[in-house]
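Structure record follows, encoded as structure tokens.
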Amino acid sequence: MQIDKRAEGFPYRMHLMSLRSAEFWKKTGIFWALVILVIIMALSQPAFLTQQNLINILKQASITGILAVGMTLVLLSGGIDLSVGSVLAVACMAAAFMTTADRGYPVIVAFIAGLSVGALFGIINGVGIAYIGFAPFIMTLATLSAARGLALVSTNNKPIFNLTREFVAVSNSQFLGLPSLIYYFAATALIAYILTRFTVFGKWIYAVGGNENAAKFSGINVKRVKVIIYGIAGALSGLTGVLMASRITSGNPTVGEAYELDAIAACVIGGISMSGGSGSIIGTVLGVLILGVISNGFDILGISSNYQRIMKGIVILLAVYIDIRARSAKKTI
0 MQIDKRAEGF PYRMHLMSLR SAEFWKKTGI FWALVILVII MALSQPAFLT QQNLINILKQ
60 ASITGILAVG MTLVLLSGGI DLSVGSVLAV ACMAAAFMTT ADRGYPVIVA FIAGLSVGAL
120 FGIINGVGIA YIGFAPFIMT LATLSAARGL ALVSTNNKPI FNLTREFVAV SNSQFLGLPS
180 LIYYFAATAL IAYILTRFTV FGKWIYAVGG NENAAKFSGI NVKRVKVIIY GIAGALSGLT
240 GVLMASRITS GNPTVGEAYE LDAIAACVIG GISMSGGSGS IIGTVLGVLI LGVISNGFDI
300 LGISSNYQRI MKGIVILLAV YIDIRARSAK KTI
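What follows is the structure, encoded as structure tokens:
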């Protein structure tokens, strides 16, 4: 009888081992994927591993990274925000308008303008979704169109030039040998990590994304949480708009097009579940770096940007497939 019981328990134990293995690779696989990708790029082109090029990767990834941090909060709550690129453009125009040489407002005014514009659009998204009942996809798609139109109409489709030196230095200066953009990204990611990992509000985000009805029954004000989440995502879009205006030394109403796709891609690659309630800021940061390595590596190798899009699509599908398999494995227990 003992042999029979062991035989009966063996398949179950094997299933548990398989599940633990799947969980391990889901949690650490993104890191090893980044390591393998860096090794491949380094072997393909030795110039890839130079200090300057690695710094360039971090700098180029910073704008997308800040957007992706905001997108992470939205996805964790079970939503989606397609408007971040267009909101970025409006904030870019607002910041540039405030810091032209003839106006000469202090840099802090540009930050206040950009963050305020971004937060306002985010709150509008949140109210439309939480209180009116629009689906996140529809609401943010409408905001995407409206915000882009506002950016174009506000300046008659013309860029704003002649920004002050102080404002241009915001994104184009360095500290301890690293571009300032990297510090903005690092600070944003760190604050978001602390928010999601160690605060009550962070637990609410996961609860809302995991099971909205259960969150309501547990006493969480789900509607208010959603408005705050979208407001934060909008504010981070506003921040990227300010940094972008400083980086390109102008306010361009067409800037940020399709950035929402890169932000979503970074999150999905980093293990953020599209159904909500699962993932971490660390994963998003690694996803941002993977996209940065792919883009930079392909540029160094002289490969067309069209192939970069194909590669991104393949990586996204693979990441979603892994998430689906992991969730299916959990349901079988």
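Take the sequence shown: its position 268, counting from 1, is numbered 267 in numbering that gives the first Met the number 0, and each next residue is one higher.
Glycine residues also receive a C-beta, built at the ideal position from the N, C-alpha and C atoms.
Does the separation of the CB atoms of residue i and residue j fall below 7 Å?
i           : j           : result
residue 168 : residue 92  : no
residue 80  : residue 89  : no
residue 166 : residue 253 : no
residue 286 : residue 275 : no
residue 239 : residue 266 : no
residue 120 : residue 291 : no
residue 175 : residue 58  : no
residue 214 : residue 207 : yes
residue 142 : residue 156 : no
residue 170 : residue 246 : yes
residue 249 : residue 83  : no
residue 280 : residue 63  : no
residue 109 : residue 129 : no
residue 146 : residue 86  : yes
residue 184 : residue 61  : yes
residue 191 : residue 68  : yes
residue 138 : residue 148 : no
residue 78  : residue 135 : yes
residue 161 : residue 100 : yes
residue 189 : residue 33  : no
residue 311 : residue 264 : yes
In this structure, does DSSP put residue i in helix, strand or coil?
i           : result
residue 307 : helix
residue 200 : helix
residue 333 : Not covered by the structure: residue 333. The range shown for the chain is 0 to 332.
residue 159 : strand
residue 5   : Interpretation of residue 5 is limited by its pLDDT of 48, a score under 50 that renders its predicted location unreliable; no figure is taken from the coordinates.
residue 43  : helix
residue 262 : helix
residue 312 : helix
residue 60  : helix
residue 273 : coil
residue 69  : helix
residue 302 : coil
residue 334 : Residue 334 lies beyond the range of the chain shown here (0 to 332); nothing can be said about it.
residue 0   : Because the pLDDT at residue 0 is just 44, under 50, the model does not fix this residue reliably, and the point stays unresolved.
residue 319 : helix
residue 213 : helix
residue 257 : coil
Taking all protein chains shown into account, decide if residue i is buried (16 or more other Cβ within 10 angstroms of its Cβ) or exposed.
i           : result
residue 65  : buried
residue 48  : exposed
residue 114 : buried
residue 304 : exposed
residue 231 : buried
residue 29  : buried
residue 314 : buried
residue 203 : buried
residue 0   : Unreliable positioning characterises residue 0 in this predicted model, as indicated by a pLDDT of 44, which lies under 50. The coordinate reading is nonetheless provided below. Residue 0 should be labelled exposed.
residue 241 : buried
residue 195 : buried
residue 177 : exposed
residue 317 : exposed
residue 76  : buried
residue 306 : exposed
residue 256 : exposed
residue 278 : buried
residue 198 : exposed
residue 43  : exposed
residue 152 : exposed
Would you mind reading off the limits of the alpha helix (DSSP H) that contains residue i?
i           : result
residue 295 : 280-299
Does at least one heavy atom of the ligand GDP sit under 6 Å from the Cβ of residue i?
i           : result
residue 172 : Absence of the ligand GDP is noted for the structure shown, with no ligands found whatsoever.
* Which runs of the alpha helix (DSSP H), 4 residues or longer, sit entirely within the segment 80-114? -> Runs found: 83-97.
* Asked: In chain order, which continuous runs of the alpha helix (DSSP H) of length 4 or greater are located wholly inside the segment 215-255?
  -> You should have 221-247.
* To do: Counting only runs of 4+ residues fully inside the segment 123-198, write out the alpha helix (DSSP H) ranges in chain order.
  => Within the segment 123-198, the complete alpha helix (DSSP H) runs of at least 4 residues are 135-153, 164-171 and 179-197.
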